[in-house]
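Here is the structure we will look at.
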Amino acid sequence: MVKNTVSRTAVLGAVVLSFLAVPAPATAVSAYAASAQNVPQSVAAPDLAGLRSVLSTARRQGAPGAMARVDDHGIVHRVSSGVADRGTGRTITTNDRFRIGSVTKVFSAVVLLQLVDEGRLKLDAPVNRYLPGLLPDDRITVRHVLSHRSGLYDYTNDMFAKTVPGFESVRNKVFTYRQLVSRSLSRPRTGAPGAAYAYSNTNFVVAGMLIEKLTGKNVASAYRTRIIEPLKLRDTFYVHPDTALPGRYARGYLTPDEAGARLVDSTRQTVSWAQSAGALISSAQDLNTFTSAVMRGKLTSTAMLQQMTRWTPVNSTQAYGLGLRRRTLSCGISVYGHTGAVQGYYTYAFTSKDGRRSLAALANTSNNGKVLDTMLGTLESAFCGKTTARRATVPAERQQDAAQGAGSGLIDEG
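Mind the numbering: the sequence shown is residues 1490 to 1903 in this note's numbering, read in order.
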């Protein structure tokens, strides 16, 4: 059964307008246009039919479920397809919590930028000033770490060279930060400090160490007191080293390297191999609230947001700031946020430059390049609308995520 719903929360007052049982995508878009009085006329409405098509394709390509939520100038669109749990057959919805992988890096970067605002950290100071003797080169600065220009080797390349065996070997392990950094330092560096962008989870393990050294508390406390509580995020948790997701959640399913092999339920794990690089749990609503707050300057000073958005080129459509991605879509619009993968979950979490339109999308599988690339289409549909001619999009960068490795039942939720 297909259910279509578009809802709008008035910015002034507490009036909620719900459009239930919309019979067709065109009607849903018309309802959007009629009610979106506070949306600039030059901004195309999200393409809900396009979102449904993307999620359906991800299902056909091997994702048990997929969903997307768009928060747009007070209007909320929710679309989902498939199941959150293959065992029970429970339908996936945008209310489900999930592991967000490398979107965690934006949280870590925000905390460090807050510490710069407080005068407790300098972006261009050596990491070794705060963590003496940790790194083999005093030229590696905090800025280099946050922009993936430190040259530190990504230890996960070796850890997950074989996807399922690699995962099973660390599923229940608890690492210290220094153990993870040591794994990186056992391999040659990928470049000189300040050289070209080279994505490495090691950088944000170092970021976690900086957070804990400067605050005197663990990263869970820093996330909670500095981001989660101020933004009133109800579904965002850092439970490491516990293995369970609290409340209602989507299970994650890891795709083995062998073609045709059965999916592996990877939901329960410590995520200790990632920690401050990728261990947070959240929801679509919370991610949209968070990415919007970042770009609207609600979490840092204007000066630190400007630093966060000083870009290093990645490829023809992407650039990286300080823990933040910029992606330019086929319609010329740039969006800001991060992608994430942790075993069993692919996440896209992006917002517009003004933070007024945000998308959070999930497919509950990983190590499936086709699904990862397909889910990039959620950005096109959410931010470009129904464009008549979209140029070919660059596939999602494989090393944008925490974990390396390469329909029917569609619902538009109310």
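Cβ atoms here follow ideal geometry from the backbone N, Cα and C, with glycine treated the same way.
Note that the structure is a prediction, hence the values are computed from the model and not measured.
Determine which residues share a DSSP beta bridge with residue i and list them.
i, result
"ILE1770", "ARG1588 and PHE1726"
"GLN1807", "ARG1816"
"LEU1848", "VAL1559 and PHE1839"
"TYR1619", "Paired residues: none, contrary to the question."
"TYR1712", "BP columns for TYR1712 are empty, so no partner."
"GLY1554", "GLY1571"
"THR1582", "Bridge partners of THR1582: none, in fact."
"PRO1802", "ALA1808"
"TYR1642", "Per DSSP, none; premise fails for TYR1642."
Indicate the three-state DSSP secondary structure (helix, strand or coil) for residue i in the structure shown.
i, result
"PRO1654", "helix"
"ASP1606", "helix"
"LEU1540", "helix"
"HIS1637", "coil"
"SER1570", "strand"
"SER1823", "strand"
"ASP1754", "strand"
"THR1483", "No answer is possible for residue 1483: the residues shown for the chain start at 1490 and end at 1903."
"THR1546", "helix"
"SER1790", "coil"
"SER1761", "coil"
"ILE1717", "helix"
"THR1854", "strand"
"VAL1532", "coil"
"LEU1601", "helix"
"THR1732", "coil"
"THR1630", "strand"
"THR1780", "helix"
"LEU1743", "strand"
In whole angstroms, what is the alpha-carbon distance linking residue i and residue j?
i, j, result
"LEU1788", "LYS1842", "15 Å"
"THR1725", "THR1630", "30 Å"
"LEU1868", "HIS1729", "30 Å"
"THR1876", "CYS1820", "7 Å"
"CYS1873", "SER1823", "10 Å"
"LEU1813", "ALA1849", "15 Å"
"PHE1656", "ARG1678", "24 Å"
"ILE1717", "ASN1777", "13 Å"
"TYR1825", "ARG1799", "12 Å"
"TYR1688", "THR1863", "22 Å"
"VAL1694", "ALA1766", "6 Å"
"THR1580", "GLN1832", "20 Å"
"ALA1552", "SER1545", "9 Å"
"MET1793", "SER1675", "33 Å"
"VAL1595", "LEU1743", "24 Å"
"GLY1622", "SER1597", "22 Å"
"LYS1859", "ASP1746", "13 Å"
"LEU1635", "VAL1605", "13 Å"
"GLY1741", "GLY1590", "12 Å"
"LEU1601", "MET1797", "11 Å"
"ILE1700", "VAL1599", "10 Å"
"ARG1575", "ASP1754", "9 Å"
"THR1801", "THR1577", "45 Å"
"VAL1708", "GLU1607", "17 Å"
"ALA1871", "GLY1563", "14 Å"
"MET1648", "TYR1686", "21 Å"
"MET1556", "PRO1625", "43 Å"
"LEU1818", "THR1806", "7 Å"
"ALA1538", "ARG1548", "15 Å"
"THR1759", "GLY1749", "27 Å"
"ALA1852", "GLY1554", "6 Å"
"LYS1651", "SER1710", "34 Å"
Output yes or no for whether 8 Å exceeds the beta carbon distance between residue i and residue j.
i, j, result
"ARG1846", "VAL1559", "yes"
"PHE1664", "SER1761", "yes"
"TYR1837", "SER1855", "no"
"GLY1683", "HIS1633", "yes"
"ALA1773", "ALA1573", "no"
"ARG1757", "THR1780", "no"
"LEU1769", "TYR1809", "no"
"VAL1543", "GLY1866", "yes"
"VAL1659", "GLY1829", "no"
"GLN1764", "TYR1666", "yes"
"ASP1561", "ARG1737", "no"
"LEU1669", "TYR1644", "yes"
"SER1671", "TYR1642", "no"
"GLY1705", "MET1784", "no"
"VAL1568", "ARG1541", "yes"
"ARG1618", "LEU1703", "no"
Can you give, in chain order, each stretch of the alpha helix (DSSP H) that sits fully within the region 1645 to 1708 and has at least 4 residues? Complete alpha helix (DSSP H) runs here, min 4: 1645 to 1648, 1652 to 1659, 1666 to 1674 and 1690 to 1704.
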